[in-house]
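Colleague: Here it is, the structure in full.
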């Protein structure tokens with residue numbers, strides 16, 4: 005009998021970057037992830053499949069990522085991206101052959117072969133359809149594909165229940181369109197959860213609180229059975245750190261939610277899955293495996309022989325150095341040896357397997373029953389940040405195959421084999437710094453919520469009043485713009501100062517588009533016609549921000565099940 009189950013969940017996401025810049029911020033982000041993460045992981049799944057191994061990973065592909073990977077323009081741009089990398093590698097190879105050093109000439113050849121392989125796989129193995137590759141492996145039983153909120157909107161802070169409803173309903177619609185069946189699980193953006201309670205906008209103390217639905221209610225209404233949270237939310241509900249005290253509006257929001265939550269007296273474990281009162285099930289990530297696999301300081305990705313992420317050779321931005329013993333001094337980096345690096349993977353995979361067994365055996369000994377260890381990571385860790393990561397997943401799957409002590413399972417398989425034994429209520433929180441909303445609501449990004457909240461209410465009104473009239477097409481495009489503005493990526497990038505300027509411009513651009521389209525919709529609804537310049541602007545928006553062509557305005561027009569009745573405050 006195995007010690008327990010191992011549930012590996014990968015979160016694949018990219019904000020909408022098509023038609024919005026290239027390098028260093030823009031479509032290059034998507035191209036890098038495709039070349040370094042998605043295609044290598046498909047290759048790993050293919051090799052395992054040919055060996056008769058089904059690793060049973062749970063993989064989230066966010067709806068907005070799916071829309072981009074399925075866009076014909078992505079295929080054209082990706083082929084050009086790979087070809088440019090091949091050309092840069094050939095130029096480097098020629099230069100190093102004449103000028104030295106010879107070790108860099110050899111590595112240039114490595115990169116030329118790497119991107120040639122990516123290009124060949126994309127065109128001839130997967131037929132330019134990355135999503136079809138993942139769908140194939142789901143149908144073969146190797147993986148389960150789950151969804152996320154449509155544009156990765158930060159659900160606990162969105163200002164209307166209709167906005168949350170639309171993010172989830174559109175996610176399910178999009179998932180069915182790409183993968184042929186509805187999702188059973190979801191990765192909540194930033195693993196952020198809010199229960200139902202009398203909520204008041206953080207914009208003003210004067211606003212009247214009104215009943216808000218819990219995040220799990222949107223999931224259950226749309227057939228989603230399970231989701232994931234961070235371990236601190238299972239263990240007792242106290243967020244880590246004191247970040248909520250650093251920003252007045254956040255402290256007040258924290259106080260609101262705390263009034264409606266009582267920590268349970270009994271101990272709870274992240275190795276159990278729990279049922280919420282409405283039947284939704286939550287899993288929590290394991291801290292031990294998080295550190296070992298995610299941490300560049302204390303985990304496997306920081307091994308001195310692995311490829312250094314930060315040091316690149318311009319203009320091609322190819323990497324020729326390993327992390328080395330001095331991790332911080334870029335000038336002290338040593339030559340990268342792929343063969344030496346990949347030899348390290350087997351030992352690291354064996355160490356993780358030993359950790360899984362140890363943790364599961366310990367829990368079984370303490371609890372008298374088998375548990376489920378949940379390991380949760382961004383997919384982009386494997387290949388982008390940690391270049392050798394996809395091959396690590398391959399080595400891990402090989403070692404877990406037929407291991408009698410650990411049973412690999414997807415989220416749905418765990419639910420089907422063992423329904424939740426315990427019930428719980430969850431506190432409000434996320435997997436972000438401090439365990440609450442600090443990264444997404446602070447002095448640096450507070451202005452974004454001042455723009456979003458009135459826009460959310462305006463879209464709700466337009467969907468109700470204009471949704472079936474002559475302005476419908478304009479309102480649909482306004483909805484796309486607001487959806488793209490709702491992406492939690494913008495607040496994150498602003499808070500962390502990574503691509504901050506790009507995030508601020510992108511957010512402001514989508515809000516401006518929403519406002520102009522809203523004015524045009526009102527004009528058309530009143531019987532007017534668009535001027536030539538307005539028509540040109542409308543068509544430009546449709547072409548530039550073309551995701552979710554099957555968008556349904558009904559998702560914003562009517563709340564499926566109001567929370568606590570329909571108070572006047574909730575209608576505002």
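In the working numbering, the protein residues as written are 5 to 576.
Just so it is clear, CB atoms sit at the ideal spot from N, CA and C, and this is done for glycine as well.
Note down, in chain order, each residue of its chain lying with its Cβ closer than 7 Å to the Cβ of residue 403, except the 5 sequence neighbours on either side.
Modeller: Around residue 403: 353, 354, 357.
Colleague: With three or more C-beta pairs closer than 8 Å as the rule, is the region 57-71 touching the region 292-302?
Modeller: Contact between the region 292-302 and the region 57-71 is absent, because fewer than three Cβ pairs lie under 8 Å.
Colleague: Of the choices 301, 112, 216, 158, whose alpha-carbon is the least far from that of residue 96?
Modeller: When only C-alpha atoms are compared, the closest one is 112.
Colleague: Excluding five sequence neighbours on each side, which residues of the same chain lie with their C-beta closer than 6 Å to the C-beta of residue 10?
Modeller: These residues qualify, in order along the chain: 360, 377, 410, 412.
Colleague: Would you call residue 561 buried or exposed, if buried means 16 or more other Cβ atoms sit within 10 Å of its Cβ?
Modeller: Buried: at least 16 other Cβ atoms inside 10 Å.
Colleague: Cutting at 7 Å between CB atoms, please list the residues of its own chain near residue 3, excluding the five before and the five after it.
Modeller: A question about residue 3 goes unanswered here, because the residues of the chain that appear run from 5 up to 576.
Colleague: Going by C-alpha to C-alpha distance, which of 540, 510, 466 sits closest to residue 558?
Modeller: Per the Cα distances, 466.
Colleague: DSSP puts residue 426 in a beta bridge; with which residues?
Modeller: Bridge partners of residue 426: 278.
Colleague: Check for me: the alpha helix (DSSP H) holding residue 498 runs from which residue to which?
Modeller: 492-500 is the extent of the alpha helix (DSSP H) around residue 498.
Colleague: From residue 380 to residue 470, what does the alpha carbon distance come to, in whole angstroms?
Modeller: Using only the alpha carbons, I get a separation of about 42 Å.
Colleague: So, is residue 124 buried or exposed, given that buried needs 16 or more other C-beta atoms within 10 angstroms?
Modeller: Residue 124 comes out exposed.
Colleague: Alpha carbons only, please: which of 78, 484, 223, 271 is nearest the one belonging to residue 159?
Modeller: The residue with the shortest Cα to Cα distance from residue 159 is 223.
Colleague: I'd like to know if the region 164-183 and the region 76-89 are in contact, where contact means that at least 3 CB-CB pairs between them fall below 8 Å.
Modeller: In short, these stretches do not touch, since the Cβ pair count stays below three.
Colleague: Rounded to the nearest angstrom, what separates residue 250 and residue 94 at their Cα positions?
Modeller: The pLDDT assigned to residue 250 is 46, lower than 50, so where the model puts this residue is not dependable, and the model offers no usable value.
Colleague: Output the distance between the C-alpha atoms of residue 121 and residue 325, rounded to the nearest integer angstrom.
Modeller: For residue 121 and residue 325, the distance between alpha carbons rounds to 21 Å.
Colleague: What is the residue span of the alpha helix (DSSP H) that residue 5 lies within?
Modeller: No alpha helix (DSSP H) contains residue 5, which DSSP labels as neither H nor E.
Colleague: Leaving out five residues on either side along the sequence, give the residues of the same chain with a beta carbon under 6 Å from the beta carbon of residue 337.
Modeller: So the list reads 312, 315, 325, 328, once near-sequence residues are dropped.
Colleague: Which residues mark the beginning and the end of the alpha helix (DSSP H) in which residue 393 is found?
Modeller: Run containing residue 393: 393-404, per the alpha helix (DSSP H) assignment.
Colleague: Are residue 461 and residue 151 touching if we call contact CB-CB under 8 Å?
Modeller: No. Outside cutoff.
Colleague: Touching or not, the region 202-216 and the region 392-400, by the rule of three or more beta carbon pairs under 8 Å?
Modeller: Taking 8 Å as the limit for Cβ pairs, the verdict is that the region 392-400 does not touch the region 202-216.
Colleague: Do residue 77 and residue 457 have their CB atoms nearer than 8 Å?
Modeller: No. Outside cutoff.
Colleague: Here's a check: name, in chain order, each residue in its chain whose Cβ is nearer than 6 Å to the Cβ of residue 405, leaving out the five neighbours to either side.
Modeller: Excluding sequence neighbours, residue 405 sits near 57.
Colleague: Where are the alpha helix (DSSP H) runs, 4 residues long or more, that stay fully inside the region 477-559, in chain order?
Modeller: Complete alpha helix (DSSP H) runs here, min 4: 492-500, 504-529, 536-548.
Colleague: Can you give the Cα-Cα distance for residue 496 and residue 416, rounded to whole angstroms?
Modeller: Cα to Cα, the separation comes out at about 30 Å.
Colleague: Is it buried or exposed for residue 5, if we count other Cβ within 10 angstroms and need 16 for buried?
Modeller: It counts as exposed.
Colleague: Out of curiosity, what's the CA-to-CA distance linking residue 344 and residue 306?
Modeller: In a straight line, the C-alpha of residue 344 is about 14 Å away from that of residue 306.
Colleague: Quick one: give me the first and last residue of the beta strand (DSSP E) that residue 310 is part of.
Modeller: That residue, residue 310, is in no beta strand (DSSP E); it is neither H nor E in DSSP.
Colleague: What residues in its chain sit with their C-beta under 6 Å from that of residue 21, if we drop five residues either side in the sequence?
Modeller: Answer for residue 21: 30, 31, 33, 34, listed in chain order.
Colleague: In chain order, what residues of the same chain have a beta carbon less than 6 Å from the beta carbon of residue 242, not counting five sequence neighbours either side?
Modeller: A caution first: residue 242 carries a pLDDT of 46, below 50, which makes its placement in the model unreliable, though a value can still be read off. So the list is empty, once near-sequence residues are dropped.
Colleague: So for residue 562, helix, strand or coil by DSSP?
Modeller: DSSP places residue 562 in coil when its eight states are reduced to three.
Colleague: For the candidate residues 319, 513, 504, whose alpha-carbon lies nearest to that of residue 484?
Modeller: Here the closest residue by C-alpha is 513.
Colleague: In this structure, does DSSP put residue 148 in helix, strand or coil?
Modeller: Strand, per DSSP.
Colleague: With residue 411 as the anchor, note down where its beta strand (DSSP E) starts and where it stops.
Modeller: From DSSP, the beta strand (DSSP E) with residue 411 extends over 410-412.
Colleague: For residue 440 and residue 492, I'd like the C-alpha separation in whole angstroms.
Modeller: If you take the alpha carbons of residue 440 and residue 492, they lie about 14 Å apart.
Colleague: Taking the Cβ atom as the reference point for each residue, do residue 215 and residue 475 lie within a distance shorter than 8 Å?
Modeller: In this structure, residue 475 does not lie closer than 8 Å to residue 215 by Cβ.
Colleague: For residue 319, which of 90, 515, 42, 81 has the nearest alpha-carbon?
Modeller: Checked all of 90, 515, 42, 81; the closest Cα to residue 319 is 90.
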